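> Quick note on the working numbering: the sequence shown kicks off at 4 and runs consecutively.
Idealized CB from N, CA, C, for every residue including glycine.
Every value quoted in this text rests on a predicted model; they were computed, and no experiment measured them.
I have a structure here, written as structure tokens, and I will follow up with some questions on it.
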Amino acid sequence: MVVGTGVAQLDQDEVDRIFGALADATRRDIVVRVLRDEQSVSTLARRYSMSFAAVQKHVAVLERAALVHKRRQGREQIVSGDVETVRAAARLLDAYEAVWRGRVDRIADLLAQDDDHQQHPPTQDERDPS
4 MVVGTGVAQL
14 DQDEVDRIFG
24 ALADATRRDI
34 VVRVLRDEQS
44 VSTLARRYSM
54 SFAAVQKHVA
64 VLERAALVHK
74 RRQGREQIVS
84 GDVETVRAAA
94 RLLDAYEAVW
104 RGRVDRIADL
114 LAQDDDHQQH
124 PPTQDERDPS
């Protein structure tokens, strides 16, 4: 099943990987940092109170979700954010919001109809056409 709208659509496994990766605060912070400016894994590791290996694992989860990409530069692994994946996830959330807004709009219409009926009750002729 493909979900989403727009040019880039995501299959269900991709959606699960993206939102699973973003479920962790450290990984969300890493995504924000590398979207602003690419950084080495060692630079990222210095920012967190966890081991280098733990940060590497977080980056690997993000890479499997296509939220970041790594490339080698000498001895360093440089991490950069993938804005297209972030945009695809945002489009999916926008589609969910549109569904929700449609439901809210329908509820508002029903409430308005109910309010209109209370303010203008049907006449005897409208209630009993016989």
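Three-state secondary structure (DSSP) at glycine 23?
Helix.
> Considering only residues of the same chain and omitting the five flanking positions on each side of glycine 23, which have a CB-CB separation below 6 Å?
Hits under 6 Å: none found.
> Using a Cβ-Cβ cut-off of 8 Å (strictly less than) and excluding sequence neighbours within five positions of valine 89, which residues of its own chain qualify?
Answer for valine 89: Val34, Leu38, Leu70, listed in chain order.
> Return yes when the Cβ of glutamate 66 is within less than 8 Å of the Cβ of lysine 73, no when it is not.
For lysine 73 and glutamate 66, yes; Cβs fall inside 8 Å.
> Do you know whose CA, among Ala57, Val62, Asp19, lies nearest glutamine 42's CA?
Checked all of Ala57, Val62, Asp19; the closest Cα to glutamine 42 is Val62.
> Is the beta carbon of valine 86 closer than 8 Å to that of leucine 47?
No, Cβ-Cβ distance for leucine 47 and valine 86 is not below 8 Å.
> Indicate the three-state DSSP secondary structure (helix, strand or coil) for leucine 13 in the structure shown.
Strand.
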